[in-house]
Ligand SMILES: Nc1ncnc2c1ncn2[C@@H]1O[C@H](COP(=O)(O)OP(=O)(O)OP(=O)(O)O)[C@@H](O)[C@H]1O
Ligand SMILES: [Mg+2]
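In our numbering, the protein residues as written are 8 to 442.
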């Protein structure tokens with residue numbers, strides 16, 4: 008019998024060839040699949056590997072191409088992860104306080120440059136005990152690692168009893184150990200705190216002086232160069248230069264008066280002063296400026312008033328600074344009120360003067376007010392709510408710091424109330440000497 012025209016021997020040979028081809032194809036496919044599997048395994052393990060060659064078209068399109076896409080995406084994510092990690096590491100390294108990562112076995116597994124320098128850490132990992140040994144700190148670390156608790160502990164290193172640190176401890180996770188704690192140390196020894204304040208102050212003061220100085224230098228260069236021989240530009244630039252120079256002078260005057268007040272802090276004023284005429288005189292002097300800014304100045308002074316022990320120059324400066332602020336920042340309210348009165352018993356708002364016989368001098372404006380989060384910091388040197396705006400209108404950020412120090416020397420107090428959209432009221436409380 009002939010099937011499809013083939014004789015039985017021909018048929019057998021045909022089947023044999025087909026079977027061999029099919030077997031060969033199946034083997035080849037299995038090898039390809041094994042190579043693919045090995046490639047994917049390699050990517051899973053190391054993130055890389057070389058793609059098998061001579062893949063069947065189907066396998067190439069349906070498996071190899073998506074795996075390649077996945078690999079590319081994986082590499083991108085890895086690169087991004089590495090960048091973020093470097094960024095974080097450089098940020099933590101730039102952090103001025105020592106930062107340590109401590110694992111469950113109390114080993115320091117990682118730390119920043121400040122930790123290496125301050126605590127003399129040469130290499131990690133190393134036992135925390137080798138650097139700091141304090142039972143309170145150990146308990147805080149255990150609580151952070153076991154219960155995820157945050158805490159703060161102060162301690163003195165046994166090696167140097169003159170130093171004092173404050174440590175903030177919180178839970179963290181690491182690749183290697185999973186559970187760990189992060190420790191941020193800050194030196195709080197009195198001497199270090201004073202040193203830090205001093206260097207902050209110098210940095211701030213230099214920055215404030217550098218700003219007008221830079222524009223002066225720029226103006227001089229322009230006058231010597233492109234604006235040379237242009238009389239109009241010269242007049243305009245000289246005007247600007249005078250403004251910048253005046254700003255520097257104001258800044259230096261304010262800094263000097265602040266340091267004078269501080270120097271005299273331990274010697275309270277002894278002269279007796281009638282405050283009413285002084286307040287009236289300052290208000291009269293500043294009234295035209297208030298008017299020009301669009302605000303009417305109203306002065307209310309109760310009569311009679313007891314005299315107080317006060318330094319006339321400093322009281323003059325105090326009233327002028329408060330009024331200057333009301334005019335600069337609050338004139339938009341159209342009205343500024345100045346009041347002076349005597350209270351037999353000052354209320355709680357008078358701080359340390361509360362309960363005593365006191366004079367209260369208030370300057371109130373109806374301007375935009377001050378956001379509450381800024382109120383506690385207003386009397387810090389160089390602190391300004393809107394830096395750019397205050398600088399633009401000639402402020403140095405020292406006015407209220409001077410007011411605070413004057414009041415401190417007079418054993419008085421400054422209270423500040425402000426509501427957004429309603430205005431601000433600054434009150435100076437001065438104790439009246441009994442007897
Ligand atoms: N009456 C007010 N209304 C709104 N903001 C005020 C008022 N008084 C003070 N401030 C804010 O408080 C900041 C600090 O005031 P401060 O008097 O210390 O500095 P300054 O006015 O900027 O500069 P300086 O008084 O040295 O010329 C000001 O920059 C301003 O942002
Ligand atoms: Mg001011």
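Where is the CB? At the ideal position from N, CA and C, for every residue including glycine.
Source: prediction; values computed, not measured.
With contacts defined as CB atoms closer than 8 Å, residue 395 and residue 349 fail to qualify as a contacting pair. In the three-state DSSP reduction, residue 102 falls in the coil class, being neither helix nor strand. Distance from the CA of residue 362 to the CA of residue 108, rounded to the nearest whole angstrom, comes to 51 Å. If you check the C-beta of residue 402 against ligand 2, you find a heavy atom less than 7 Å away. The beta carbon of residue 84 lies closer than 6 Å to none in the same chain, with the five residues before and after it left out.
Residue pairing by DSSP places residue 342 opposite 303 in a beta bridge. Between ligand 1 and residue 326, a heavy atom-to-CB distance of less than 7 Å is absent. For residue 430, the enclosing beta strand (DSSP E) starts and ends at 430 to 438.
Only exposed fits residue 31, as fewer than 16 other CB atoms lie within 10 angstroms of its CB. Separation of the CB atoms of residue 189 and residue 179 is rounded to 4 Å, and the pair is thereby assigned contact status at 8 Å. Exclusion of the five residues before and after residue 100 leaves 119, 120 as the residues of its chain whose Cβ lies within less than 6 Å of its Cβ. Every residue whose beta carbon comes nearer than 5 Å to a heavy atom of ligand 2 appears here in chain order: 332, 406.
Of the heavy atoms belonging to ligand 1, none sits nearer than 7 Å to the Cβ of residue 297. Looking at the backbone, the Cα of residue 135 and that of residue 47 are separated by about 42 Å.
Membership of residue 117 in the beta strand (DSSP E) is indicated by the continuous run 114 to 118.
Given a length threshold of 4 residues, each whole run of the alpha helix (DSSP H) inside the segment 10 to 61 is given here in chain order: 15 to 53. If you check the CB distance, residue 323 and residue 285 come in under 8 Å. Of the heavy atoms belonging to ligand 1, at least one sits nearer than 7 Å to the Cβ of residue 392. Considering only 72, 247, 159, the residue with the shortest C-alpha distance to residue 227 is 247. The count of Cβ pairs closer than 8 Å, one atom from the segment 393 to 413 and one from the segment 256 to 273, reaches three, so the stretches are in contact. Assignment of beta-bridge partners to residue 162 by DSSP yields 172. The beta carbon of residue 143 is closer than 7 Å to those of 160, 162 in its chain, skipping five residues each way along the sequence.
For residue 425, the enclosing beta strand (DSSP E) starts and ends at 420 to 426. Nearest Cα to residue 301 within the set 438, 208, 343, 115: 343. The beta carbon of residue 196 lies closer than 6 Å to those of 170, 171 in the same chain, with the five residues before and after it left out.
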